[in-house]
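S.K.: Can you keep this structure in mind? I'll have questions shortly.
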Amino acid sequence: MRPRAEQPVPTLILQELSFGPSTQQELAEITGISLRNIREYTKLLHGEYIHIGGWEQRTGPALPVWHLGVAEDKPRPRRKYRRY
């Protein structure tokens, strides 16, 4: 059996990120892989192949935007909205 990093799912994720940065939700929609599995594989690839190059925040919590390559992660921004 191949190691996890050499299986087809990480290859699909890396191939998709070669076209440009994406959030986990975008990767799930494009590849057809469940969001849960995308989260697991981004954890696996994080640090060796991909990094957090920015954060996307509309409403709710900020979502990491994954970039291809090894670099230092951008820090998570402060919350825009306070809960009351």
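Number 86 in my numbering belongs to position 48 of the sequence shown; there are no gaps in the numbering.
Just so it is clear, CB atoms sit at the ideal spot from N, CA and C, and this is done for glycine as well.
Small disclaimer: the values here were computed from a predicted structure and weren't measured.
Under three-state DSSP, which class holds Val103?
M.R.: On the sequence shown, residue 103 is found 65 positions in, with the first residue counted as 1. Annotated three-state conformation of Val103 is strand, per DSSP.
S.K.: Closest to Arg117 by CA distance: which of Leu83, Gln95, Pro48 is it?
M.R.: Indexing the sequence shown from 1 puts residue 117 at position 79. The shortest C-alpha separation from Arg117 is found at Gln95.
S.K.: Helix or strand or just coil, what does DSSP make of Ile88?
M.R.: Taking the first residue of the sequence shown as position 1, residue 88 is located at position 50. Of the three classes helix, strand and coil, the one that applies to Ile88 here is strand, per DSSP.
S.K.: Name the residue from Asn75, Leu65, Gly107, Ile68 whose alpha carbon lies nearest to the alpha carbon of His84.
M.R.: Here residue 84 refers to the residue found at position 46 when the sequence shown is read from its first residue. Sorting Asn75, Leu65, Gly107, Ile68 by C-alpha distance to the C-alpha of His84 places Gly107 at the top.
S.K.: May I ask you to report which of helix, strand or coil DSSP gives Glu110?
M.R.: Start at 1 with the first residue of the sequence shown, and residue 110 comes out as number 72. Note: Glu110 maps to coil in three-state DSSP.
S.K.: Give the straight-line distance between the Cα atoms of Pro59 and Thr80, rounded to the nearest whole angstrom.
M.R.: As a first step, residue 59 is located in the sequence shown; it is residue number 21 there, counting from the start. As a first step, residue 80 is located in the sequence shown; it is residue number 42 there, counting from the start. So the alpha carbons of these two residues sit roughly 13 Å apart.
S.K.: Between Leu50, Thr61, Ile90, Gly91, which has its C-alpha nearest Thr69's C-alpha?
M.R.: Here residue 69 is taken as the residue at index 31 of the sequence shown, counted from 1. Answer by Cα proximity: Leu50.
S.K.: What are the start and end residues of the alpha helix (DSSP H) that includes Gln53?
M.R.: Start at 1 with the first residue of the sequence shown, and residue 53 comes out as number 15. Looking at the DSSP string, the run of the alpha helix (DSSP H) that includes Gln53 is 46 to 55.
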